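Have a look at the structure below, then the notes.
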Amino acid sequence: MPLASPATSLSSQLLADLSKVVGEENLLHHRDELVVYECDGYVIEKNVPDVVVFPTERDQVVEIVKLCNKYDVPFVPRGAGTSLAGGTLAVGGGVMICMTRMKRILEINLRDRYAVVEPGVVNVWLTRALAGTGFHYAPDPSSQGACTIGGNLATNSGGPHTLKYGVTVNHVMGVEMVLPDGSVLEVGGLAEDGPGYDLTGLVVGNEGTFGIATKIIVNLTRDPEAGRTFLGVFETVDAATETVSGLIAAGIVPAALEMLDNLMIQAIEQAFGFGFPTDAGAVLIIEIDGLEAGLDREAHAIHEIVRQNGGTVKKSIPWRTRKEPEYVAIWKSRKSAFGAIGRLSPTFCTQDGVVPRTKLPHILRTITRIGEHYGLRIANVFHAGDGNIHPILLFDERDPEQVERVLLASHEILDECIACGGSVTGEHGIGVEKMSFMPKLFTPDDLAAMVAIRTVFNPEGRCSPEKMLPGGGGCLERKSPGHKASA
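Sequential numbering from 2 applies to the sequence shown in the working numbering.
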């Protein structure tokens, strides 16, 4: 059956050719279907792609990319759309290649501690597949119930437990990817440390500007023998952040160390009723794991450090596995925090900055001041252990004046992260949102080198155009508040 007339600017011949590759059931091209893909988790910038295709195998990805080259059409890969920096925005329209139907776990090898997955595998699916084996996949972004491992690879995602276990790049052993010219490249592999340049490390975090991952080899981590999870309650944010520094200074390396401020506590408690004290200024979720023999000593030290900073440990959850009901409940509450924000605001913008741990009290005071200056409510829930902050700015995107204030406030927060010796992203990536900050973090020579590397993989710039790096490695003027890419 021939395709109906498209509501896009693409040629009917390209649509017909794409349909031959993936089948009509794996292709969307009508406006009412495409609007779902106008943005990812960064809702301030929007643009509707001309067509969305859903490959189910690598060879289809190859053929799709070759067709985009033949017709000189830009293309962008997309996973679950949980990106919070516009990383999957179809800036120039064109073809969106959605990888969510390449979702097989191809192999789990416990003897050699690795798994091979397709990019559309949802992070938590691998965790569930490993249940009872004595192993797990360590990177656990808060969106792990929705985000894909391919998307985690693209932005080098972190998560609460990466303080001890490392972020995505520390757990990816190899990648198969389709380059923007349609050829297939394999980097890394099953060897622990192959000779030559670390191309796997280079590929992780490329934000889709090098090509499209079609197979990923990840290493598996042995489950800890036991653990303890604590809920530390504090009257002030300052007291909680000072505790963070105190724990690390004492030589304790928690498996996770998360902080929530009062506004976030209220939202989560309304949603889940875990028992967070809604009158607290802040709470810390502190988790340690390892050999049972050493945990009581560390637990005692944690209680003492919390007390010295004016806090109390309200809950102490001992566990042998991560299936105990109270353990599941506290982490469900934390990892569903962004969803709970819907009880407070119709729209929110989540920022992702990094500061040295000792600067946490300063940056949180600054965030409060900026929120007051712009008349915005800002909630905070973040990976305190590694200084990765996630201020959540609450607003209504239907009001252009509020959008303007959110953008101005966001930029001031990120500028202050840089001034503190930090960065404008810890795990969300640069995407389209933060390109203007790159010249503030890197010299023109640094940026030119990055552009040169991108050009090796993506010489025509057709794959994920206008993402991550300012054109030519030079400065890019900040887009005016409220700017939206043309549809």
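Note that beta-carbon positions come from the ideal geometry of N, C-alpha and C, so glycine has one too. Just so you know, these numbers come straight off a predicted model, no measurement behind them.
(message) My output table needs one value for R479: the three-state DSSP class, helix, strand or coil.
(response) Reliability of the predicted coordinates at R479 is poor, the pLDDT of 36 falling under 50, and the value obtained from them is presented with this limitation in mind. Of the three classes helix, strand and coil, the one that applies to R479 here is coil, per DSSP.
(request) Decide if E478 is buried, meaning its Cβ has at least 16 other Cβ atoms within 10 Å, or exposed. (result) Bear in mind that a pLDDT of 36 at E478, under 50, signals an unreliable position, so the model cannot answer this.
(message) Closer than 8 Å is the cut-off here; do at least three beta carbon pairs connect the segment 11-22 with the segment 33-49?
(response) no
(message) Measuring straight from C-alpha to C-alpha, what distance separates K333 and G432?
(response) 28 Å
(message) Taking the beta carbon of Y115 as the centre, do at least 16 other beta carbons fall within 10 Å, making it buried, or is it exposed?
(response) buried
(request) Taking the CB atoms as reference points, tell me whether V66 and P181 lie closer together than 8 Å. (result) yes
(message) Do V77 and V54 have their beta-carbon atoms positioned less than 8 Å apart in this structure?
(response) no
(request) Using three-state DSSP, classify A8 as helix, strand or coil. (result) Bear in mind that the predicted position of A8 carries a pLDDT of just 43, short of 50, making it unreliable; the figure below should be weighed with that in mind. Reduced to three states, the DSSP call for A8 is coil.
(message) For A147, which residues in the same chain have their Cβ closer than 7 Å to its Cβ, ignoring the five residues on either side in sequence?
(response) A81, T83 and V123
(request) Please go through the same chain and pick out, in chain order, the residues whose beta-carbon is closer than 7 Å to the beta-carbon of R323, but skip the five residues on each side of it. (result) none
(message) Rounded to whole angstroms, what is the Cα-Cα separation between T444 and M451?
(response) 11 Å
(message) Measuring straight from C-alpha to C-alpha, what distance separates K315 and H172?
(response) 34 Å
(request) Just list the alpha helix (DSSP H) runs in the segment 105-142, keeping only unbroken ones of 4 residues or longer that don't cross its boundaries, in chain order. (result) 124-130
(request) Note down, in chain order, each residue of its chain lying with its Cβ closer than 6 Å to the Cβ of L85, except the 5 sequence neighbours on either side. (result) G42, Y43, T351 and H429
(message) Taking only three categories from DSSP, how would you classify A81?
(response) coil
(request) Would you decide whether H484 is buried or exposed? Buried here means 16 or more other CB atoms lie within 10 Å of its CB. (result) With a pLDDT of only 35 at H484, under 50, the local geometry of the prediction cannot be trusted, and the value read off the model is given with reservation. H484 should be labelled exposed.
(request) Grab me the residues of R223's own chain with a C-beta within less than 7 Å of its C-beta, minus the 5 sequence neighbours each way, in chain order. (result) G135 and F136
(request) State yes or no: is the C-beta of P56 within less than 8 Å of the C-beta of I109? (result) no
(request) Assign A8 to one of two classes, buried (16 or more other C-beta atoms within 10 Å of its C-beta) or exposed (fewer than that). (result) Because the pLDDT of A8 is 43, which lies under 50, any placement of that residue in the model is unreliable, and the question is left without a value.
(request) Taking T201 as part of the alpha helix (DSSP H), name the residues at either end of that continuous run. (result) L200 to V204
(request) Identify whether V245 lies in helix, strand or coil by the three-state DSSP scheme. (result) helix
(request) Please check the pair A490 and D290, which I expect to be a contact at CB under 8 Å, by giving their CB distance rounded to whole angstroms. (result) Within the shown structure, residues of the chain are numbered from 2 to 488, placing residue 490 beyond reach of any answer.
(request) Note the first and the last residue of the continuous beta strand (DSSP E) segment covering P319. (result) T313 to W320
(message) Assuming N310 and A257 are in contact, meaning their beta carbons sit under 8 Å apart, how far apart are those beta carbons, in whole angstroms?
(response) Not a contact, Cβ separation roughly 19 Å.
(request) State the DSSP-derived secondary structure class of G372, mapped to helix, strand or coil. (result) helix
(request) Give every residue of the same chain whose Cβ lies closer than 6 Å to the Cβ of E177, excluding the five residues on either side of it in the sequence, and list them in chain order. (result) E187, T215 and K216
(message) Here's the rule I'm using: 16 or more other beta-carbon atoms within 10 Å means buried, otherwise exposed. How should N193 be labelled?
(response) Here the sequence assigns Glu to residue 193, which means Asn is not the residue at that position. Its Cβ having fewer than 16 others within 10 Å, E193 is exposed.
(request) Give the single residue among Y72, E58, F438 and F458 whose Cα lies nearest to the Cα of A420. (result) F438
(request) Taking 8 Å as the cut-off, decide whether the C-beta atoms of R59 and V179 are in contact. (result) yes
(message) Measuring straight from C-alpha to C-alpha, what distance separates G295 and L415?
(response) 39 Å
(message) Can you look up A338 in the DSSP assignment and give me helix, strand or coil?
(response) helix
(request) State the CB to CB distance for the pair L264 and I331, rounded to an integer number of angstroms; the pair is presumed to be in contact (CB under 8 Å). (result) No, L264 and I331 are not in contact; Cβ-Cβ is about 19 Å, not under 8 Å.
(message) Please state the DSSP three-state secondary structure of A488.
(response) Model confidence at A488 stands at a pLDDT of 27, short of 50, so the residue's coordinates are unreliable; what they give is reported in the following sentence. Three-state DSSP puts A488 in coil, outside helix and strand.
(message) For I266 and G312, I'd like the C-alpha separation in whole angstroms.
(response) 16 Å
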